[in-house]
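Residue numbers (my numbering): 3 to 477.
See below:
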């Protein structure tokens with residue numbers, strides 16, 4: 003019998019009962035897991051970077067009732083554009099040069115006068131539209147109605163026709179009839195700027211500027227009497243109430259942004275990848291996506307529009323404007339989001355990419371203010387001309403025309419202290435000026451800008467003489 007101790011061997015492994023999940027643990031090995039994790043992070047990095055950028059700009063709620071604004075309608079019987087469109091269909095096209103139109107009725111050629119007569123049906127239908135109070139061009143729910151191009155050509159034709167017809171009445175001694183044509187143009191300029199974007203407002207600004215020149219010349223005519231001037235002053239004051247507030251322009255742009263039409267169009271035009279210097283790598287759709295585009299710009303524009311909606315209708319002298327790298331802002335706290343102007347400026351300046359402006363809000367407000375300056379200057383001109391009819395000379399000071407002609411003197415919108423317009427006598431003439439040139443333009447250089455909002459008044463003249471608006475320092 004052997005004394006050797008038996009060697010006990012471990013039992014053989016039974017591989018039949020091994021869990022199947024262990025076959026998949028190979029990817030947990032560091033040599034596999036680390037490269038795999040880096041690959042996943044690389045694939046997710048565009049979404050992570052995009053989310054980080056979007057987290058910096060809040061997605062605010064609508065600052066006003068968008069649905070209610072887009073649902074505004076006007077009955078056809080009260081809508082001036084129904085008559086404007088009908089009149090446009092009756093227009094006889096012109097082939098005359100700008101010089102022929104600018105020469106006026108008295109120097110108009112026979113073909114030009116025949117053209118005016120041929121368009122009398124169109125002009126009469128157009129004038130019916132100017133007598134209405136409300137105007138809306140198309141359905142606001144259509145994005146192309148919000149930012150559609152106004153028909154500048156047709157509007158220019160009606161401007162020329164009404165100016166020539168007014169000058170015709172003026173040359174025949176019908177001064178009150180001439181004024182009514184100029185008044186119709188003023189109301190037309192208000193209608194084309196209602197419920198529309200910057201282009202419609204610009205067209206209204208242009209029509210207002212051109213009509214103002216005719217009104218100044220009309221007021222200088224010796225055939226214009228006291229009653230004519232008083233009626234013109236009252237109607238000019240009342241008709242300017244047709245001008246919509248600046249906030250409506252902001253709402254139109256917000257609704258256009260709300261539909262995202264322009265943002266998607268810009269986005270689709272950008273290439274997916276760009277390599278090289280032309281165009282810039284930052285124009286690549288992939289890079290822009292990583293930086294949160296186009297949603298980042300949509301959110302940014304909504305914030306800026308909300309900021310201006312909170313104080314856009316405030317008088318200019320009461321506004322506190324701030325400058326950022328990407329445009330002007332107001333130092334106000336938006337009631338909806340609660341974001342202050344300084345906080346918004348910090349958010350915008352921290353952005354890595356340039357923001358896309360649909361329009362420059364500050365410059366648009368400047369244009370609206372200049373239009374209001376022109377309106378108030380026209381009121382002062384008519385009041386001073388009325389004073390001159392009664393006394394044979396212009397007043398020495400604007401205070402002389404109150405309260406007999408004007409209840410109170412208008413405030414210059416560009417005055418930071420709430421002062422009135424500047425007024426001075428220049429020989430027999432008188433000059434009405436705004437402080438806008440000192441804030442926006444160089445008055446020593448931009449003579450054409452001076453004529454936009456400032457005027458020189460002349461004593462009554464014979465109706466067969468024409469005057470021109472000249473800067474103060476021109477002979």
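Using N, Cα and C, we set each Cβ at its ideal position, and we do this for glycine too.
Alpha carbon of residue i to alpha carbon of residue j, nearest angstrom
i           : j           : result
residue 394 : residue 82  : 41 angstroms
residue 459 : residue 434 : 8 angstroms
residue 182 : residue 168 : 8 angstroms
residue 296 : residue 302 : 10 angstroms
residue 65  : residue 311 : 8 angstroms
residue 216 : residue 224 : 15 angstroms
residue 89  : residue 140 : 16 angstroms
Buried or exposed (CB count within 10 angstroms, at least 16 for buried), residue i
i           : result
residue 39  : exposed
residue 100 : exposed
residue 54  : exposed
residue 42  : exposed
residue 243 : exposed
residue 316 : exposed
residue 346 : buried
residue 178 : exposed
residue 519 : Absent from the structure is residue 519, since the part of the chain shown begins at 3 and ends at 477.
residue 50  : exposed
Same chain, Cβ closer than 8 angstroms to residue i, five either side skipped, listed in chain order
i           : result
residue 102 : 110, 111, 114
residue 117 : 94, 96, 98
residue 481 : Look at the range of the chain in this structure, 3 to 477, and you will see that residue 481 is not part of it.
Residue i in three-state terms, based on DSSP
i           : result
residue 435 : strand
residue 80  : helix
residue 239 : helix
residue 316 : coil
residue 394 : coil
residue 325 : strand
residue 459 : strand
residue 61  : coil
residue 223 : strand
residue 194 : coil
residue 332 : strand
6 angstroms Cβ shell around residue i - same chain, five flanking residues per side excluded
i           : result
residue 430 : 461
residue 150 : Only weak support exists for where residue 150 lies, its pLDDT of 48 falling under 50; the coordinates are left without a value.
residue 193 : 82, 137
residue 160 : 128
residue 188 : 213, 241
residue 425 : 400, 434
Contacts around residue i, its chain only, beta-carbon distance under 7 angstroms, and the 5 residues preceding and following it disregarded
i           : result
residue 385 : 235, 403, 407, 408
residue 313 : 321, 332, 334
residue 397 : 386, 389, 403
residue 185 : 237, 241
residue 497 : Here the chain covers residues 3 to 477 and nothing more, so residue 497 does not appear.
residue 455 : 372, 375, 376, 379, 436, 438
residue 123 : 92
residue 207 : 369, 373
Cβ-heavy atom distance, residue i to the ligand ZN, below 8 angstroms
i           : result
residue 400 : Ligands in the displayed structure: none, and consequently the ligand ZN is not present.
Minimum Cβ-Cβ distance from residue i to chain D less than 9 angstroms
i           : result
residue 325 : Within the model displayed, chain D is absent; a lone protein chain is all it includes.
Are the stretch 41-61 and the stretch 89-100 in contact at 8 angstroms, needing three or more beta carbon pairs?
no
Are at least three pairs of beta-carbons, each pair with one atom in the stretch 72-80 and one in the stretch 363-383, less than 8 angstroms apart?
The stretch 72-80 vs the stretch 363-383: no contact.
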